[in-house]
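Undergrad: Add 1010 to the 1-based position in the sequence shown for the numbering used here, that's all there is to it.
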Amino acid sequence: MRVLVTGGAGYIGSHTLLELMAQGHEVCVLDNYSNATPEVLSRVRSLSNGVIHDYVGDVRDADKLDEVMQDFQPEAVIHFAGLKAVGESTEKPLYYYDVNVRGTLTLLHAMTKAGCKRIIFSSSATVYGEPVYLPYDEAHPTNPTSVYGRSKLIAEQILTDWTAATPDATAVLLRYFNPVGAHASAQLGEDPKDIPNNLMPFIAQVAVGKRDALQIFGGDYDTPDGTGQRDYIHVVDLARAHVAAIDYAETATGARPFNIGTGQPYSVRDMVAAFERACGKPIATKMAARRAGDIAAMQADSGRANTELGWTATHDLDAMTASTWAWQSKNPNGYEG
1011 MRVLVTGGAG YIGSHTLLEL MAQGHEVCVL DNYSNATPEV LSRVRSLSNG VIHDYVGDVR
1071 DADKLDEVMQ DFQPEAVIHF AGLKAVGEST EKPLYYYDVN VRGTLTLLHA MTKAGCKRII
1131 FSSSATVYGE PVYLPYDEAH PTNPTSVYGR SKLIAEQILT DWTAATPDAT AVLLRYFNPV
1191 GAHASAQLGE DPKDIPNNLM PFIAQVAVGK RDALQIFGGD YDTPDGTGQR DYIHVVDLAR
1251 AHVAAIDYAE TATGARPFNI GTGQPYSVRD MVAAFERACG KPIATKMAAR RAGDIAAMQA
1311 DSGRANTELG WTATHDLDAM TASTWAWQSK NPNGYEG
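1) To which residues of the same chain is Gln1225 closer than 7 Å at the C-beta, ignoring the five residues directly before and after it?
2) Please state whether the Cβ-Cβ distance between Thr1155 and Val1069 is less than 8 Å.
3) Does DSSP put Ser1195 in a helix, a strand or coil?
4) To the nearest angstrom, how far is it from the Cα of Pro1048 to the Cα of Phe1082?
5) Could you spell out the range, first to last residue, of the alpha helix (DSSP H) harbouring Asp1247?
6) Whose C-alpha, out of Val1050, Ala1255, Gly1159 and Gln1080, is nearest the C-alpha of Gln1033?
7) From this set, Ala1307, Ala1165 and Val1190, which residue's C-alpha is nearest Ala1214's C-alpha?
8) Can Ala1251 and Ile1270 be called in contact, C-beta distance under 8 Å?
9) Leaving aside the five residues before and after Val1253 along the sequence, list all residues of the same chain whose C-beta is less than 7 Å from its C-beta, in chain order.
10) Excluding sequence positions up to five away, which residues of its chain have a Cβ less than 7 Å from the Cβ of Leu1144?
11) Count the other CB atoms within 10 Å of the CB of Glu1260; is the residue buried (16 or more) or exposed (fewer)?
12) Classify Leu1093 as helix, strand or coil using the three-state DSSP reduction.
13) Are Ala1265 and Thr1173 touching if we call contact CB-CB under 8 Å?
14) Have a look at the DSSP bridge pairing and note the partners of Ala1086.
15) Is DSSP giving Gln1338 helix, strand or coil here?
16) Taking just the CA atoms, how far does Gln1338 sit from Thr1180?
17) Expressed to the nearest angstrom, what Euclidean distance is found between the alpha-carbon atoms of Thr1114 and Gly1060?
18) Report yes or no: is there a C-beta of chain B within less than 8 Å of the C-beta of Ala1265?
19) Under three-state DSSP, which class holds Asn1316?
20) Looking at the structure shown, is Ala1179 part of a helix, part of a strand, or coil, going by DSSP?
21) Can you pull the DSSP bridge partners for Glu1036?
22) Could you have a look at Gly1264 and say whether DSSP puts it in helix, strand or coil?
23) Roughly how many angstroms lie between the CA atoms of Thr1122 and Thr1116, to the nearest whole one?
24) Just tell me which of Tyr1105, Arg1185, Asn1208 and Asn1343 has its CA closest to the CA of Val1218.
25) Can you find the residues in the same chain that come closer than 6 Å, C-beta to C-beta, to Gly1236, ignoring five residues on each side of it along the sequence?
26) Which complete beta strand (DSSP E) runs does the segment 1089-1174 hold, if anything under 3 residues is left out?
27) Please identify the residue among Leu1248, Ala1332 and Val1037 whose C-alpha is closest to the C-alpha of Val1282.
28) Among all the DSSP beta bridges, which residues are the ones paired with Gln1225?
29) Taking all protein chains shown into account, decide if Leu1104 is buried (16 or more other Cβ within 10 angstroms of its Cβ) or exposed.
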């Protein structure tokens, strides 16, 4: 199948390209490189020995999208392009709604003009908000506590309404938990351009000497050790979920959300201890106040994805941290060397 991947040079996108190509899909990338670098696609081409069509452009640029649709004629789209920092979204709400909501609308307009009716959407478990119960299943109420989460939920609602009004359209809404880890080659990994917003790349940068200490935001949550618990998933498992979603979208119609996680939550201190095992050295930490929009714990029920997509996570915590350390130690400055 011909698959357009928006944001395909990003962390999750790059790993997904490899998995798609391994299954024989033809891929095209649209990326504005706001949080990525062309070096990523060079490495994906080298690892896959395959062809990637690529365009530089913003998902909000209707003319560029029309050009890509006309040239590549995708049969499906995987939509990664977007902003993802919870804290930043509170400070820049209009920016987040513009990119995450308007970008999705612009993409859907272009898809509709081109007759493309399959989309896999990069959503987030933050759409659930404070847990009414755990683990979250897809029937859990949605009440996001951050602008980022609300922008993802609005995009989900737009996609749901689009499929309801569009015969034979499919929107697979993948609600990620917390992606971590790196490709086994250590050639692909997470490379934030600024101070990392996520836990694992920050720990990795402390371990490699780029940062002095990890700030732990909040030690008084109602969790076993007082630090926030999250359901972490290896990025390769997450990438494979997108391939499974593409297969599902070939015959399914309508909009359907799926949780993509492991069902096993770990605290910040658990993650630090696991990374210390991986790198063989202590990780300096210091306590800080809670961040706005953060919640105490998240845990996935991924039973629907297991049953309907035929997908399950296979990488454990030590695989997540070991692959992250292999990536960071081999690429201490990310894709810059």
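Beta carbons: idealized from backbone N, C-alpha and C, even for Gly. Owing to the predicted nature of the structure, the values given are computational and were not obtained by experimental measurement.
TA: Working from what's here:
1) Taking the first residue of the sequence shown as position 1, residue 1225 is located at position 215. The residues are Lys1296 and Ala1298.
2) Residue 1155 sits at position 145 when you count from the first residue of the sequence shown. Residue 1069 sits at position 59 when you count from the first residue of the sequence shown. No, the pair does not count as a contact, with Cβ atoms beyond the cut-off.
3) As a position in the sequence shown, residue 1195 is number 185, starting the count at 1. Three-state DSSP puts Ser1195 in coil, outside helix and strand.
4) Your numbering for residue 1048 matches position 38 in the sequence shown. Your numbering for residue 1082 matches position 72 in the sequence shown. If you take the alpha carbons of Pro1048 and Phe1082, they lie about 19 Å apart.
5) On the sequence shown, residue 1247 is found 237 positions in, with the first residue counted as 1. Unbroken alpha helix (DSSP H) run through Asp1247: Val1245 to Ala1259.
6) Start at 1 with the first residue of the sequence shown, and residue 1033 comes out as number 23. Looking at the Cα atoms, Ala1255 is the closest of the given residues.
7) In the sequence shown, residue 1214 corresponds to position 204, counting from 1. Closest by alpha carbon: Val1190.
8) Translated into positions along the sequence shown, residue 1251 becomes position 241. Translated into positions along the sequence shown, residue 1270 becomes position 260. Cβ distance < 8 Å, so Ala1251 and Ile1270 count as in contact.
9) Stepping through the sequence shown from its first residue, residue 1253 is reached at position 243. These residues qualify, in order along the chain: Glu1029, Leu1030 and Gln1033.
10) Residue numbering aside, residue 1144 sits at position 134 when the sequence shown is read from its first letter. So the qualifying residues of the chain are Ala1307 and Gln1309.
11) As a first step, residue 1260 is located in the sequence shown; it is residue number 250 there, counting from the start. Per the 10 Å Cβ criterion, exposed.
12) By 1-based counting over the sequence shown, the position of residue 1093 is 83. In this structure, Leu1093 counts as coil in the three-state DSSP scheme.
13) Start at 1 with the first residue of the sequence shown, and residue 1265 comes out as number 255. Start at 1 with the first residue of the sequence shown, and residue 1173 comes out as number 163. For Ala1265 and Thr1173, yes; Cβs fall inside 8 Å.
14) Against the sequence shown, residue 1086 aligns to sequence position 76. Bridge partners of Ala1086: Val1013.
15) Reading the sequence shown from its first residue, position 328 is the one you call residue 1338. Note: Gln1338 maps to helix in three-state DSSP.
16) On the sequence shown, residue 1180 is found 170 positions in, with the first residue counted as 1. On the sequence shown, residue 1338 is found 328 positions in, with the first residue counted as 1. If I take the Cα positions, the gap works out to 37 Å.
17) In the sequence shown, the residue the question calls residue 1114 occupies position 104. In the sequence shown, the residue the question calls residue 1060 occupies position 50. Their backbone Cα atoms lie some 28 Å apart in a straight line.
18) In the structure shown, chain B does not exist; there is a single protein chain.
19) Your numbering for residue 1316 matches position 306 in the sequence shown. Asn1316 falls in the helix class under three-state DSSP.
20) In the sequence shown, counting from the first residue as 1, residue 1179 sits at position 169. Coil, per DSSP.
21) On the sequence shown, residue 1036 is found 26 positions in, with the first residue counted as 1. Note: Glu1036 sits in a beta bridge opposite Arg1012.
22) Position 254 of the sequence shown holds residue 1264. Here Gly1264 sits in strand by DSSP.
23) Residue numbering aside, residue 1122 sits at position 112 when the sequence shown is read from its first letter. Residue numbering aside, residue 1116 sits at position 106 when the sequence shown is read from its first letter. Rounded to whole angstroms, Thr1122 to Thr1116 spans 10 Å at the Cα level.
24) The residue you call residue 1218 lines up with position 208 of the sequence shown. For the residues Tyr1105, Arg1185, Asn1208 and Asn1343, the minimum Cα distance to Val1218 belongs to Asn1343.
25) In the sequence shown, counting from the first residue as 1, residue 1236 sits at position 226. Answer for Gly1236: Gly1229 and Asp1230, listed in chain order.
26) 1128-1134
27) Numbered from 1 along the sequence shown, position 272 holds the residue referred to as residue 1282. Val1282 has its Cα closest to that of Ala1332, out of Leu1248, Ala1332 and Val1037.
28) As a working note, residue 1225 is residue 215 in the sequence shown. DSSP output for Gln1225 lists Lys1296 as bridge partner(s).
29) Stepping through the sequence shown from its first residue, residue 1104 is reached at position 94. Exposed, because fewer than 16 other Cβ atoms sit within 10 Å of the Cβ of Leu1104.
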